[in-house]
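Working notes, beginning with the structure itself.
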Amino acid sequence: PRVFIPRDAAALSVGADAVASAVRAEAEARDLAVEIVRTGSRGLLWLEPLLEVEGPDGTRYAFGPMTPEAVPELFEAGVPAPDTAHPLALGPTEAIPYLADQHRVTFSRCGIIDPLSVADYRAHGGFAGLDRALTMTAEEICAAVTDSGLRGRGGAGFPAGRKWDTVRTAPGETKYIACNADEGDSGTFADRMLMEGDPFLLIEGITIAGLATGATEGFIYMRSEYPHAITTMRDAVALAEAEGWLGDGIHGTDRRFHLHVRVGAGAYICGEETAMLESLEGRRGQVRAKPPLPALEGLFGKPTVVNNVLTLAAVPDILAFGPDVYATFGVGRSRGTQPFQLAGNVRRGGLVEVPFGISLHDLVYRFGGGTASGRPVKAVQAGGPLGAYLPEHLFHLPKDYEAFAAVGAMVGHGGLVVFDDTVDMAAQTRFALEFCAIESCGKCTPCRIGSQRGVEVIDRIVAGEDRDANLALLDDLCTVLADGSLCAMGGLTPQPVRSALRHFPEDFDRPPHTGTARQAAE
Ligand code: NAI
Ligand code: SF4
Numbered sequence: 256p257r258v259f260i261p262r263d264a265a266a267l268s269v270g271a272d273a274v275a276s277a278v279r280a281e282a283e284a285r286d287l288a289v290e291i292v293r294t295g296s297r298g299l300l301w302l303e304p305l306l307e308v309e310g311p312d313g314t315r316y317a318f319g320p321m322t323p324e325a326v327p328e329l330f331e332a333g334v335p336a337p338d339t340a341h342p343l344a345l346g347p348t349e350a351i352p353y354l355a356d357q358h359r360v361t362f363s364r365c366g367i368i369d370p371l372s373v374a375d376y377r378a379h380g381g382f383a384g385l386d387r388a389l390t391m392t393a394e395e396i397c398a399a400v401t402d403s404g405l406r407g408r409g410g411a412g413f414p415a416g417r418k419w420d421t422v423r424t425a426p427g428e429t430k431y432i433a434c435n436a437d438e439g440d441s442g443t444f445a446d447r448m449l450m451e452g453d454p455f456l457l458i459e460g461i462t463i464a465g466l467a468t469g470a471t472e473g474f475i476y477m478r479s480e481y482p483h484a485i486t487t488m489r490d491a492v493a494l495a496e497a498e499g500w501l502g503d504g505i506h507g508t509d510r511r512f513h514l515h516v517r518v519g520a521g522a523y524i525c526g527e528e529t530a531m532l533e534s535l536e537g538r539r540g541q542v543r544a545k546p547p548l549p550a551l552e553g554l555f556g557k558p559t560v561v562n563n564v565l566t567l568a569a570v571p572d573i574l575a576f577g578p579d580v581y582a583t584f585g586v587g588r589s590r591g592t593q594p595f596q597l598a599g600n601v602r603r604g605g606l607v608e609v610p611f612g613i614s615l616h617d618l619v620y621r622f623g624g625g626t627a628s629g630r631p632v633k634a635v636q637a638g639g640p641l642g643a644y645l646p647e648h649l650f651h652l653p654k655d656y657e658a659f660a661a662v663g664a665m666v667g668h669g670g671l672v673v674f675d676d677t678v679d680m681a682a683q684t685r686f687a688l689e690f691c692a693i694e695s696c697g698k699c700t701p702c703r704i705g706s707q708r709g710v711e712v713i714d715r716i717v718a719g720e721d722r723d724a725n726l727a728l729l730d731d732l733c734t735v736l737a738d739g740s741l742c743a744m745g746g747l748t749p750q751p752v753r754s755a756l757r758h759f760p761e762d763f764d765r766p767p768h769t770g771t772a773r774q775a776a777e
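For the sequence shown, the working numbering begins at 256 and goes up steadily by one.
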């Protein structure tokens, strides 16, 4: 029988390797031929390490969170079997409601296949999009991506097909694809999970982007904090080259595409597209003024597609199944599916891929099960550290770029961080400004200086010093940051600040402190 154990970083961090060793040792002790397949993660993170045993009809049965101590009992029936009597048995994996209620498109293979098996990838529908793209003109591929309604999954939601078309029609022979895998938002891990669990999908998507725009070279910019994803991605690129569907003569055609993995040195701002391009060129990651747009003058001054991992990874299925099929999912102008990520104080943290339009309430309660602490949910921060804090009365909001923007929030990269009623929103606000101060690239004044002044103003408000004047000052500072910053780092920092002030004013309304902020801090 086959036993599946993830090699994803989240599973490894809670002992997946020890579980795999225990299975191997037990099988050897019993002289059994057990095949252990190391997969990506299914994304049910509270159940990691999630071990799966393949039943006689191919159905997989889940056990978790697995421990080495619980392994011998797996062999009760002689060989690892879908034994429902095992104390950690969860039944057929696909029937677990958290998975059964999802609609996985981009993550359809993640956690199922061996990430570095080309045969496994092909057997599960891999290459269908690339094969289709090889029969299309560049213009047709761009049109298909436009028709699908795919928007940039990095957070800004710009129509992907339009961006590709801009690069396709830009003058010049040399063009690039730059994949942004510098997933820096707190509470997000979808890019990492995909690169560790289904790296060929990303390679396929990037190659299609090359065919669609005339680019013959691409770069994946990865954060150094993702060592497992880096190794997997590098191995996958080498295998793809060896298999002949990356490099010269893709799939026996006269088309070519070369792909390189580059690793950043660890700075949040390098996820901003122009800072990422600077870093890729070997310079310090500092934001460039736009225009010119990277689509026209990007990497080394050449027309460049800069897309997030999830945007590029959505493309093979769009071509394989047709743009119309992808566009049937979603609401309004938010088409397709989004891999949401549940994190923070949540009972069932993990990855939830569903069509746009799902409510925040469903994500937090139906999937997430409320808080891990069992206390009431007080707020959810949506869209990373620069996203808004949303209170319960906004949980009816559908996940939709426009609906979120209408209340001063953003979908972002799909991250959701849950907080219970013990959270101090004034402290969270301070954190947002401090984060901006630390991560600022320093190029423009509102962000470099304003964020630091903001921290000081919050300290004075919390200390009860001249409260009304300081609140007015903070509001003024937020306006300067939003309107005067060169990039989204400074521009979005007011979002957590203003949402916290608007929805949780009581947390800023403490009894006046008699001393100064400095004395209070001391
Ligand atoms: P933006 O709205 O300026 O641009 C979005 C994209 O569209 C860029 O690639 C831009 O070059 C391109 N673009 C704009 N107009 C174009 C045109 N006419 N033709 C072709 N391309 C065009 O947004 P920006 O500053 O790139 O990103 C901000 C977003 O980043 C935020 O909304 C936030 O959600 C997200 N973000 C994501 C993080 C993550 O870890 N994934 C971290 C921090 C922020
Ligand atoms: Fe740099 Fe901040 Fe200005 Fe962006 S807003 S360019 S991060 S200083």
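Backbone N, C-alpha and C define an ideal beta-carbon position, used for all residues, glycine too.
If you're wondering where the values come from, they're calculated on a predicted model, not measured in any experiment.
Asked                                                                                                       : Found
Among D386, D676, S706, V673, nearest to L688 - alpha-carbon criterion                                      : S706
Within 8 angstroms, strictly: CB atoms of P751 and L641                                                     : yes
Candidates G412, R489, Y481, of which the one nearest A522 by Cα                                            : Y481
For R315 and V308, believed in contact at Cβ under 8 angstroms, the rounded distance                        : 7 angstroms
Spatially closest choice to P631 from F611, F622, A470, E647, by CA coordinates                             : E647
V516 Cβ short of 7 angstroms to the ligand NAI heavy atom set                                               : no
Any non-hydrogen atom of the ligand SF4 closer than 7 angstroms to M249 Cβ                                  : The shown model of the chain, from 256 to 777, leaves out residue 249, and the question about it has no answer.
Proximal residues to R279 (C-beta, below 8 angstroms), its chain only, five neighbours per side dropped     : V289, I291
R417: first and last residue of the uninterrupted alpha helix (DSSP H) it sits in                           : 415-424
From P454, A344, A433, residue whose alpha carbon lies closest to that of C525                              : A433
heavy atom of the ligand ZN below 7 angstroms from F659 C-beta                                              : Absent from the structure shown: the ligand ZN. Ligands present: the ligand NAI and the ligand SF4.
A737 versus T626: straight-line alpha-carbon distance, rounded                                              : 32 angstroms
Beta carbon of F759 nearer than 8 angstroms to that of G669                                                 : no
Buried or exposed (CB count within 10 angstroms, at least 16 for buried), G333                              : exposed
Buried or exposed by the 16-neighbour rule on C-beta atoms within 10 Å, applied to P578                     : buried
Same chain only: Cβ atoms within 6 angstroms of D572, ignoring 5 sequence neighbours per side               : V360
C-alpha gap between L306 and S372, whole angstroms                                                          : 19 angstroms
Rounded separation between R257 and T424 - CA only                                                          : 50 angstroms
Classification of F413 by the beta-carbon crowding that lies within 10 angstroms, buried from 16 upward     : exposed
Start-to-end residues for the beta strand (DSSP E) that takes in I291                                       : 290-294
Supposed close pair S479, A520 - CB separation, criterion 8 angstroms                                       : 6 angstroms
Cβ pair I260, A282 closer than 8 angstroms                                                                  : no
Beta strand (DSSP E) runs contained entirely in the stretch 661-736, provided each spans 3 or more residues : 670-675
Secondary structure of S754, DSSP reduced to three states                                                   : helix
As assigned by DSSP and simplified to three states, the class of H513                                       : strand
For L741 and R715, the rounded distance between their alpha carbons                                         : 27 angstroms
Closest by C-alpha distance to A355, when choosing among T322, D263, G499, V607                             : V607
8 angstroms Cβ cutoff met for L457 and V564                                                                 : yes
Sub-8 angstroms separation of L615 and G605 beta-carbons                                                    : no
Nearest-angstrom Cα separation, counted from A464 out to A787                                               : What the structure shows of the chain is the stretch from 256 to 777, and residue 787 is not part of that stretch, so it cannot be assessed.
For A569 and L671, believed in contact at Cβ under 8 angstroms, the rounded distance                        : Contact doesn't hold; Cβ gap of about 20 angstroms is too wide.
Beta bridge counterpart(s) of P610 as assigned by DSSP                                                      : T592
Distance cut-off 7 angstroms: F413 Cβ against heavy atoms of the ligand NAI                                 : yes
For T462 and T554, believed in contact at Cβ under 8 angstroms, the rounded distance                        : The sequence shown places Leu at residue 554, rather than the Thr named in the question. About 17 angstroms; that fails the 8 angstroms criterion.
Own chain residues within Cβ distance below 6 angstroms of A277, not counting five before or after          : P323, V326
For I432, the residue or residues it bridges with in DSSP                                                   : G473, V560
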